[in-house]
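Here is the structure we will look at.
Set out below in C-alpha coordinates:
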(Lines of atoms letter the chains of each structure in order from A and count residues from 1; the text may use other names and numbers.)
(Lines give C-alpha, C1' and ligand atoms only; values in the text may rest on other atoms or scores of the structure.)
Protein backbone atom coordinates (compact mmCIF):
# COMPACT_ATOMS: atom_id res chain seq x y z
CA UNK A 1 0.00 0.00 0.00
CA UNK A 2 1.18 3.61 -0.08
CA UNK A 3 1.66 3.43 3.72
CA UNK A 4 2.96 -0.07 4.48
CA UNK A 5 4.08 -3.46 3.19
CA UNK A 6 2.35 -6.59 4.44
CA UNK A 7 3.27 -10.24 4.07
CA UNK A 8 1.04 -13.13 5.09
CA UNK A 9 1.28 -16.90 4.75
CA UNK A 10 -1.94 -17.85 6.53
CA UNK A 11 -0.16 -18.52 9.85
CA UNK A 12 1.84 -15.36 10.40
CA UNK A 13 1.64 -11.79 9.19
CA UNK A 14 3.98 -8.83 9.24
CA UNK A 15 3.19 -5.18 8.59
CA UNK A 16 6.04 -2.74 8.13
CA UNK A 17 5.14 0.96 8.02
CA UNK A 18 6.98 2.68 5.19
CA UNK A 19 5.97 5.23 2.58
CA UNK A 20 5.97 3.62 -0.87
CA UNK A 21 5.41 5.62 -4.07
CA UNK A 22 2.41 3.65 -5.33
CA UNK A 23 -1.10 4.92 -5.99
CA UNK A 24 -3.19 2.00 -4.74
CA UNK A 25 -2.76 -1.23 -2.80
CA UNK A 26 -1.90 -4.32 -4.82
CA UNK A 27 -0.65 -7.86 -4.37
CA UNK A 28 2.55 -9.24 -5.80
CA UNK A 29 4.32 -12.53 -5.35
CA UNK A 30 6.43 -12.94 -2.24
CA UNK A 31 9.21 -14.60 -4.24
CA UNK A 32 9.55 -11.48 -6.38
CA UNK A 33 9.75 -9.16 -3.40
CA UNK A 34 12.30 -11.44 -1.73
CA UNK A 35 14.41 -11.38 -4.89
CA UNK A 36 14.12 -7.58 -5.11
CA UNK A 37 15.30 -7.29 -1.52
CA UNK A 38 18.37 -9.46 -2.16
CA UNK A 39 19.29 -7.26 -5.15
CA UNK A 40 19.28 -4.11 -2.98
CA UNK A 41 16.41 -2.39 -4.74
CA UNK A 42 15.91 1.19 -3.55
CA UNK A 43 13.42 2.65 -6.06
CA UNK A 44 9.86 1.64 -6.92
CA UNK A 45 7.65 2.64 -9.84
CA UNK A 46 4.45 1.26 -11.27
CA UNK A 47 2.75 0.91 -14.62
CA UNK A 48 -0.77 -0.31 -15.37
CA UNK A 49 -0.09 -3.99 -14.59
CA UNK A 50 3.45 -4.07 -13.25
CA UNK A 51 5.55 -2.84 -10.35
CA UNK A 52 9.23 -2.15 -11.06
CA UNK A 53 12.14 -2.14 -8.62
CA UNK A 54 15.52 -0.56 -9.37
CA UNK A 55 18.82 -0.70 -7.49
CA UNK A 56 21.62 1.91 -7.48
CA UNK A 57 23.56 0.01 -10.16
CA UNK A 58 20.59 0.27 -12.56
CA UNK A 59 19.29 -3.30 -12.36
CA UNK A 60 15.50 -3.43 -12.76
CA UNK A 61 13.26 -6.26 -11.55
CA UNK A 62 9.55 -6.25 -12.37
CA UNK A 63 6.56 -8.09 -10.94
CA UNK A 64 3.02 -8.46 -12.14
CA UNK A 65 0.56 -6.58 -9.92
CA UNK A 66 -2.52 -8.56 -8.93
CA UNK A 67 -5.15 -5.82 -8.78
CA UNK A 68 -8.27 -8.01 -9.02
CA UNK A 69 -7.42 -9.97 -5.87
CA UNK A 70 -7.67 -7.73 -2.83
CA UNK A 71 -5.42 -8.41 0.12
CA UNK A 72 -7.70 -9.07 3.09
CA UNK A 73 -8.00 -6.24 5.59
CA UNK A 74 -6.08 -7.63 8.55
CA UNK A 75 -5.77 -4.39 10.54
CA UNK A 76 -7.68 -5.84 13.50
CA UNK A 77 -5.14 -8.65 13.82
CA UNK A 78 -2.42 -6.11 14.68
CA UNK A 79 -4.25 -4.67 17.69
CA UNK A 80 -2.41 -4.98 20.99
CA UNK A 81 -5.70 -5.79 22.70
CA UNK A 82 -4.64 -8.84 24.65
CA UNK A 83 -2.77 -9.40 27.87
CA UNK A 84 0.73 -7.93 27.95
CA UNK A 85 3.21 -10.64 28.82
CA UNK A 86 6.79 -10.11 29.86
CA UNK A 87 9.05 -12.49 27.97
CA UNK A 88 11.15 -14.31 30.57
CA UNK A 89 14.91 -14.51 30.27
CA UNK A 90 16.06 -17.96 29.28
CA UNK A 91 12.94 -18.67 27.26
CA UNK A 92 14.92 -18.81 24.01
CA UNK A 93 17.26 -21.46 25.37
CA UNK A 94 14.35 -23.53 26.71
CA UNK A 95 12.51 -23.25 23.38
CA UNK A 96 15.56 -24.38 21.40
CA UNK A 97 16.27 -27.20 23.86
CA UNK A 98 12.68 -28.46 23.54
CA UNK A 99 12.92 -27.99 19.78
CA UNK A 100 15.71 -30.56 19.59
CA UNK A 101 13.06 -33.17 20.43
CA UNK A 102 10.31 -31.86 18.13
CA UNK A 103 12.64 -31.98 15.11
CA UNK A 104 12.15 -35.76 15.11
CA UNK A 105 8.56 -35.09 14.00
CA UNK A 106 8.74 -33.09 10.77
CA UNK A 107 4.99 -32.67 10.51
CA UNK A 108 4.63 -31.64 14.16
CA UNK A 109 7.78 -29.57 14.77
CA UNK A 110 6.02 -27.37 17.30
CA UNK A 111 6.20 -26.73 21.00
CA UNK A 112 3.21 -26.94 23.29
CA UNK A 113 3.09 -23.84 25.45
CA UNK A 114 0.81 -23.46 28.44
CA UNK A 115 0.34 -20.08 30.08
CA UNK A 116 -1.31 -19.70 33.46
CA UNK A 117 -1.29 -17.21 36.28
CA UNK A 118 2.39 -16.14 36.32
CA UNK A 119 3.57 -19.51 35.03
CA UNK A 120 4.62 -20.96 31.68
CA UNK A 121 5.36 -24.53 30.64
CA UNK A 122 7.16 -25.59 27.46
CA UNK A 123 6.83 -29.14 26.17
CA UNK A 124 8.63 -30.53 23.13
CA UNK A 125 7.51 -34.00 22.10
CA UNK A 126 9.65 -36.20 19.92
CA UNK A 127 9.34 -39.76 18.66
CA UNK A 128 11.76 -41.28 21.16
CA UNK A 129 11.43 -38.91 24.11
CA UNK A 130 10.26 -35.45 25.10
CA UNK A 131 11.28 -32.36 27.02
CA UNK A 132 9.22 -30.63 29.69
CA UNK A 133 10.55 -27.38 31.11
CA UNK A 134 8.36 -27.68 34.16
CA UNK A 135 6.61 -24.58 35.46
CA UNK A 136 8.63 -21.41 34.78
CA UNK A 137 7.83 -18.14 36.50
CA UNK A 138 6.68 -15.35 34.19
CA UNK A 139 4.77 -12.09 34.46
CA UNK A 140 1.37 -12.96 32.99
CA UNK A 141 -1.99 -12.07 34.47
CA UNK A 142 -4.35 -13.32 31.78
CA UNK A 143 -6.58 -16.30 31.25
CA UNK A 144 -5.10 -19.79 31.07
CA UNK A 145 -4.21 -20.53 27.46
CA UNK A 146 -2.36 -23.27 25.63
CA UNK A 147 -1.01 -23.05 22.12
CA UNK A 148 1.54 -24.43 19.69
CA UNK A 149 4.37 -22.49 18.13
CA UNK A 150 7.55 -23.28 16.20
CA UNK A 151 10.63 -23.47 18.48
CA UNK A 152 12.71 -21.11 16.35
CA UNK A 153 9.96 -18.51 16.27
CA UNK A 154 9.50 -18.53 20.05
CA UNK A 155 13.28 -18.29 20.51
CA UNK A 156 13.50 -15.33 18.12
CA UNK A 157 10.70 -13.44 19.85
CA UNK A 158 12.18 -14.07 23.28
CA UNK A 159 15.68 -12.96 22.25
CA UNK A 160 14.58 -9.72 20.60
CA UNK A 161 11.68 -8.49 22.75
CA UNK A 162 10.99 -7.91 26.40
CA UNK A 163 7.22 -8.32 26.05
CA UNK A 164 4.47 -9.37 23.68
CA UNK A 165 0.68 -9.61 23.78
CA UNK A 166 -1.48 -12.72 23.96
CA UNK A 167 -4.82 -11.85 22.38
CA UNK A 168 -7.18 -14.76 21.89
CA UNK A 169 -5.61 -16.94 19.21
CA UNK A 170 -2.86 -14.42 18.38
CA UNK A 171 0.58 -13.58 19.69
CA UNK A 172 1.35 -9.95 18.80
CA UNK A 173 4.88 -8.51 18.79
CA UNK A 174 5.26 -4.74 18.45
CA UNK A 175 8.54 -3.69 16.87
CA UNK A 176 7.70 0.02 16.56
CA UNK A 177 7.55 0.60 12.79
CA UNK A 178 6.42 -2.99 12.34
CA UNK A 179 4.13 -5.51 13.99
CA UNK A 180 4.27 -9.25 13.74
CA UNK A 181 1.36 -11.58 14.51
CA UNK A 182 1.43 -15.33 14.64
CA UNK A 183 -1.72 -17.39 14.85
CA UNK A 184 -1.76 -19.53 17.94
CA UNK A 185 -3.31 -22.95 17.61
CA UNK A 186 -5.22 -23.17 20.85
CA UNK A 187 -5.05 -26.69 22.24
CA UNK A 188 -8.11 -28.29 23.80
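In the numbering used here, the protein residues as written are 47 to 234. All C-beta atoms in this analysis are idealised placements derived from N, C-alpha and C, irrespective of residue type, glycine included. Since this is a predicted model, take the numbers as computed values, not measurements.
So, helix, strand or coil for residue i, using DSSP?
i: residue 88; result: coil
i: residue 30; result: Here the chain has residues from 47 to 234 only, and residue 30 is not among them.
i: residue 152; result: helix
i: residue 135; result: coil
i: residue 216; result: strand
i: residue 122; result: helix
i: residue 99; result: strand
Taking just the CA atoms, how far does residue j sit from residue i?
i: residue 154; j: residue 148; result: 7 Å
i: residue 214; j: residue 128; result: 7 Å
i: residue 63; j: residue 201; result: 24 Å
i: residue 220; j: residue 180; result: 28 Å
i: residue 84; j: residue 135; result: 33 Å
i: residue 90; j: residue 100; result: 7 Å
i: residue 195; j: residue 121; result: 22 Å
i: residue 113; j: residue 95; result: 8 Å
i: residue 108; j: residue 73; result: 13 Å
Shortest alpha-carbon distance to residue i belongs to which of the options?
i: residue 82; options: 106, 208, 216; result: 106
i: residue 111; options: 144, 79, 84, 57; result: 79
i: residue 207; options: 138, 91, 175, 162; result: 138
i: residue 67; options: 185, 73, 92; result: 92
i: residue 144; options: 178, 123, 69; result: 178
i: residue 87; options: 102, 74, 77; result: 102
i: residue 175; options: 164, 198, 150; result: 150
i: residue 211; options: 146, 173, 51, 227; result: 227
So what does residue i bridge to, in DSSP terms?
i: residue 183; result: 165
i: residue 59; result: 54, 227
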